[in-house]
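Novice: Right, I'll just put the structure down here and ask away after.
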Amino acid sequence: MEEANVPPGQSYWRLIEARWWDEQESGGKHHIYVEVLDENGNRIVGQPVTVYWGDGSYTAPTEDKNPPDYAFNFQMYAAGNAYNVKVEGAPSDILVGAGMGDLTRPRYGIHTSFLLTFQRVTRP
């Protein structure tokens with residue numbers, strides 16, 4: 245993860261939770277799921293999230309989905325450390341190196357998933 249470089253007193257998107265689901269937990273899915281929260285821990289709807297890789301990117305707003313569904317999802321097709329994830333609109337921590345594969349076979353197209361939660365906070 246790359247931390248947002250912000251001075252004290254500035255608001256930014258902090259990655260407060262990052263979980264990885266193995267092949268069994270993913271149940272055939274191969275996604276990056278993202279939740280975006282305000283300062284009070286409430287879901288923000290309409291907040292753009294970007295997934296980017298070597299030669300492209302995908303940006304879409306968070307949606308008002310019923311829990312436990314995450315507000316944003318992106319279907320992965322590349323293995324290894326292919327994808328990076330950030331929230332738009334303010335400086336953001338960045339999850340670096342997401343992709344399909346497991347711990348012993350990181351370059352294989354094994355269906356695994358990432359579950360990320362970002363929260364808007366102010367640097368102390």
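Heads up, the sequence shown is in the numbering used here, so the first residue is 245 and it goes up one at a time.
In this text, a Cβ means the ideal position worked out from N, Cα and C, and glycines have one as well.
Please return the same chain residues whose Cβ sits closer than 8 Å to the Cβ of G343, not counting the five positions on each side in sequence.
Specialist: Locating residue 343 in the sequence shown gives position 99, where the first residue counts as 1. Same-chain partners within the cutoff: M320, A322, A323, G324, N325, A326, Y327 and P350.
Novice: In the region 280-345, which residue ranges form an unbroken beta strand (DSSP E) of at least 3 residues, counting only runs that do not cross its ends?
Specialist: Fully enclosed beta strand (DSSP E) runs of 3 or longer: 292-297, 300-305, 316-319, 327-331 and 339-342.
Novice: Where do the N-terminal and C-terminal ends of the beta strand (DSSP E) with E207 fall, by residue?
Specialist: Since the first residue of the chain shown is 245 and the last is 368, residue 207 is not available in this structure.
Novice: Can the beta-carbon of P292 be found closer than 7 Å to that of P311?
Specialist: Position 48 of the sequence shown, counted from the first residue, corresponds to residue 292. Position 67 of the sequence shown, counted from the first residue, corresponds to residue 311. No, the Cβ-Cβ distance between P292 and P311 is not below 7 Å.
Novice: When you compare the CB positions of S255 and A334, do they come within less than 7 Å of one another, or not?
Specialist: Reading the sequence shown from its first residue, position 11 is the one you call residue 255. Reading the sequence shown from its first residue, position 90 is the one you call residue 334. In contact: S255 and A334 (Cβ atoms closer than 7 Å).
Novice: Does DSSP put E246 in a helix, a strand or coil?
Specialist: As a first step, residue 246 is located in the sequence shown; it is residue number 2 there, counting from the start. Three-state DSSP puts E246 in a strand.
Novice: Please work out which residues of its chain come closer than 7 Å, Cβ to Cβ, to D266, disregarding the five sequence neighbours upstream and downstream, and give them in chain order.
Specialist: For the purposes of this step, residue 266 is identified with residue 22 of the sequence shown, where counting begins at 1. Once the five neighbours on either side are set aside, the close Cβ partners of D266 are D346 and T356.
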